[in-house]
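The sequence shown begins at 0 in numbering that gives the first Met the number 0 and counts up by one. Note that beta-carbon positions come from the ideal geometry of N, C-alpha and C, so glycine has one too.
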Amino acid sequence: MAQEEKRSSLELAAEKADNVYVEDVGSDRQQVEPAEMEAKMNWQTIIAYLALASQFNAYILTLLIPSTILPYINADLGPDPNYPWITISWTLCASIIVSVGGRLADIFGRRYFMLTGAFISFIGTIVGATGQSIPQMIASGVIFGIGSGFQEMAYACIQEIVPNKWRVYAVGGFELMAITSFLGPLCAFAFISKTELGWRAAYWYMCGFHGFFGIFLALTYFPPSFKTKHRDDGKTKWELVKELDFVGLFLFSLGCLLFLLGINYGGKQYPWKSGHVIGPIVVGLLSLVALGFWSAYADLKYPLMPRRLFKKVRRFTMVLGVCFCGGMLYYSMNVLWPRQSQLLFTGSDPITKGLFAEQIPLGTIIAGLIVVFICSHLGHERWQLVFFEVCQTALIGSLSTVGLDDKIQAICTVVALSSMVTPPQLLSFTMLSLGIDDQVDIGLAVGLASTFRLLGGAVATAIYTAITNNGFASHIAGTVTDNVAPIPSFPASSLPALIKAAALNTAAAYKLVPGINPQVIAAAQLAVKQAYVSAFHTTYLAAIAFGGLAIISAFLTKDTDVRMKTGNRAVQLENEKGRKGEDVEGAGGKVVES
């Protein structure tokens with residue numbers, strides 16, 4: 000490891016700060032003719048950045064809107080106990096595609112993978128908007144996940160087209176420009192409350208967004224083409240296809256899919272001790288272990304998981320650990336808080352629910368401001384990560400104390416927590432992209448960050464959901480008994496039936512309880528909230544442990560080498576012009592000197 004860092008330092012010292020590099024997937028990073036490369040952005044790059052930001056918005060919409068309106072979809076097309084898979088399927092597919100697609104785009108070029116993602120997600124919006132059953136909506140979620148996996152490659156795409164020293168600004172700007180998608184939940188509830196189409200209007204809204212900005216992407220984003228990437232090695236697409244790591248692709252896809260299926264089966268469709276849960280988890284983990292051995296010892300031209308990346312433990316592997324732990328907080332927070340707020344604070348008004356759903360996006364926008372205006376100037380990324388993870392853990396501790404009368408505390412804490420969760424993820428993207436020796440691997444490196452973040456979120460969501468549900472089940476009987484005891488008109492013989500009704504907490508369930516009256520219903524509904532307060536308390540205490548793991552992972556990372564923060568760019572767009580107006584031959588082509 001020390002020899003590798005020494006070699007990298009010698010390579011960096013030999014490079015001139017004003018060079019532009021050829022992106023050649025068939026060789027090590029190459030140096031082309033020195034030329035003055037201005038750090039300021041030209042209009043082609045700016046428009047391409049905006050097009051990529053629109054795809055980031057598009058994929059965020061497919062994540063936030065369906066998860067927000069799930070109960071309304073189930074009420075309309077169900078009830079169906081499998082309705083949570085409308086959003087679970089998004090995670091399953093996106094976590095696999097973002098890394099696989101990133102690696103393939105490294106080799107074949109990014110443009111058509113991004114366009115494919117935009118088109119697939121567009122189809123998903125139509126399938127969802129016209130859905131007539133829960134299985135069809137799950138199919139829409141699968142399509143969204145596949146498309147979003149490609150669209151999330153935008154994080155890698157923007158970093159390679161801007162100067163290295165501007166990468167932190169670029170990813171932070173993504174969050175700021177995502178305000179349109181972050182307003183998605185509020186828009187969805189407005190559609191439900193104010194339109195005849197209801198939740199379907201939200202899907203048609205996504206359809207229009209994806210369609211318009213998909214065309215915008217096609218007209219403005221021209222990264223290095225396949226011909227440009229392979230100008231030096233002269234390989235054809237078929238030759239490269241034959242050299243792909245198909246075994247690695249199979250093991251990675253199988254491992255992630257089975258592991259996530261098992262995690263999401265547990266405590267829902269099947270008990271955790273069931274073979275339907277244990278089997279997929281074990282086989283999935285074994286597949287990922289086999290992938291590690293395969294990548295380490297197989298003689299591969301284009302391995303899916305290059306061994307050289309994972310050898311850089313502090314600059315790569317531990318950063319992925321931060322992404323995993325961060326995902327345990329980021330994605331699970333998007334599951335826990337909407338449920339907690341709707342159970343404890345919002346009531347039945349859709350607009351109020353939408354406003355509460357916006358608190359996490361509000362914190363994310365604040366996080367974008369923090370990254371752009373503070374993190375980008377500080378450097379010392381390792382200590383920034385440690386600081387943010389410590390703050391996250393402390394704020395999670397604050398959420399564990401939230402009660403029924405602590406609405407203001409809950410709102411402020413959630414916004415603050417959201418603003419602390421996002422910066423480490425964005426910093427991790429730039430640390431990974433600048434920490435690799437060959438920028439041709441940027442798609443895989445950033446894709447793995449997204450995969451680890453999604454895997455962490457899936458694991459944490461399963462754990463948190465199980466803790467919350469078990470905690471509620473263990474407390475509901477006691478809280479109901481305590482609350483109805485002072486009501487003399489309610490017969491004690493009906494208490495077991497009332498406890499069962501409270502567990503469902505629906506008007507239909509309460510009507511079936513002998514001797515029920517409005518006073519008893521009100522007492523039972525309060526008991527439900529009190530039981531959930533205790534359950535969420537336990538859940539957030541468990542989350543503190545994961546915060547501790549995140550702190551340790553952050554501490555074991557290493558700062559980005561300051562010599563990488565130059566005006567250099569990994570690639571140039573095919574449609575860029577030289578400083579004197581001459582055409583530039585795509586990514587890393589011959590640069591016209593000033």
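Cut-off 7 Å between Cβ atoms - residues of its own chain near residue i, not counting five sequence neighbours on either side
i    : result
D27  : Low confidence applies to D27: its pLDDT is 41, below 50, so where it sits in the model is not reliable, and the reading given next is rough at best. Closer than 7 Å at Cβ, skipping near neighbours: D437.
V288 : none
V479 : L497, I498, A501, A523 and A526
T467 : A534, F535 and T538
L443 : S98, G101, R102 and D105
L243 : Y301
F387 : M419, P422 and P423
F215 : A50 and S53
Buried or exposed (CB count within 10 angstroms, at least 16 for buried), residue i
i    : result
E573 : buried
N516 : exposed
G233 : exposed
K241 : exposed
F211 : exposed
I373 : exposed
T559 : buried
S473 : exposed
W237 : exposed
K510 : exposed
S347 : exposed
L218 : exposed
H376 : exposed
L530 : For the sequence presented, residue 530 should be read as Ala rather than Leu. Under this definition A530 is a buried residue.
I137 : buried
K310 : exposed
V561 : exposed
Supposed contact pair residue j and residue i - C-beta distance, whole angstroms, cut 8 Å
i    : j    : result
P632 : G362 : Limits of the chain in this structure are 0 at one end and 593 at the other, which puts residue 632 out of reach.
W84  : G148 : Contact flag wrong, Cβ pair sits at about 17 Å.
T565 : V97  : Actually they do not touch by this definition, with Cβ atoms about 28 Å apart.
W598 : Y71  : The first residue shown for the chain is 0 and the last is 593, placing residue 598 beyond what the model contains.
S120 : Y58  : 7 Å
A187 : I68  : 5 Å
F554 : G434 : That belief does not hold up - the Cβ atoms of F554 and G434 are roughly 17 Å apart, past 8 Å.
C-beta contact flag for residue i and residue j at 8 Å
i    : j    : result
W89  : G130 : no
V420 : Q391 : yes
V170 : F428 : yes
M205 : I64  : yes
N263 : A461 : yes
V266 : A465 : For clarity, residue 266 is Gly in the given sequence; the question names Val instead. Taking 8 Å as the Cβ cut-off, G266 and A465 qualify as a contacting pair.
A457 : L308 : no
F489 : V519 : yes
V597 : E151 : For the chain, the structure presents residues 0 to 593; residue 597 sits outside this window and is missing.
I364 : I178 : yes
T505 : R313 : no
E195 : V570 : no
F225 : F107 : yes
G247 : L290 : yes
L540 : S399 : yes
L447 : L319 : yes
Y463 : L548 : no
S397 : M332 : no
A155 : I441 : yes
Proximal residues to residue i (C-beta, below 8 Å), its chain only, five neighbours per side dropped
i    : result
S252 : I95 and V99
D75  : G197 and W198
A295 : R306
I475 : I498, A501, A502, A526, V527 and A530
Proximity test, residue i beta-carbon vs the ligand GDP heavy atom, cut-off 7 Å
i    : result
A502 : By its list of ligands, the structure shown contains no ligand whatsoever, and the ligand GDP lies outside what it can speak to.
Beta-carbon contacts of residue i that lie in its chain and below 6 Å, excluding the five residues immediately before and after
i    : result
V276 : G261, Y264, G265 and Y269
V414 : Q358, L361 and G362
E37  : Residue confidence for E37 is low, a pLDDT of 48 falling below 50, so the modelled location carries little weight and cannot support an answer.
L185 : G353 and E357
L250 : S286, A289 and L290
V282 : L257
A542 : I395
T412 : L394, S397 and L398
- Message: Please give the ranges of any alpha helix (DSSP H) in the region 241-312, keeping only runs that are unbroken, at least 4 residues long and fully inside the region.
- Response: The DSSP assignment places 245-264, 274-296 and 306-309 as complete runs of the alpha helix (DSSP H) inside the region 241-312, in order along the chain (cut-off: 4 residues).
- alpha helix (DSSP H) runs contained entirely in the region 428-475, provided each spans 4 or more residues: DSSP runs (the alpha helix (DSSP H)) wholly in the region 428-475: none.
- Task: For the region 142-178, list the alpha helix (DSSP H) runs that are entirely contained and at least 4 residues long, ordered along the chain.
- Result: You should have 153-160 and 166-176.
- Query: What are the start and end residues of each continuous alpha helix (DSSP H) run of 4 or more residues lying completely inside the region 376-401, in chain order?
  - Reply: The DSSP assignment places complete alpha helix (DSSP H) segments of no fewer than 4 residues inside the region 376-401 at 380-398, in order along the chain.
- Task: Quick one: which unbroken alpha helix (DSSP H) runs of 4-plus residues sit fully inside the region 80-117? Chain order, please.
- Result: Runs of the alpha helix (DSSP H) inside the region 80-117: 84-107.
- Starting from the N-terminal side, write out each stretch of the alpha helix (DSSP H) that is 4 residues or longer and does not extend beyond the region 499-583. If we require 4 residues or more, the alpha helix (DSSP H) runs fully inside the region 499-583 come out as 506-510 and 517-554.
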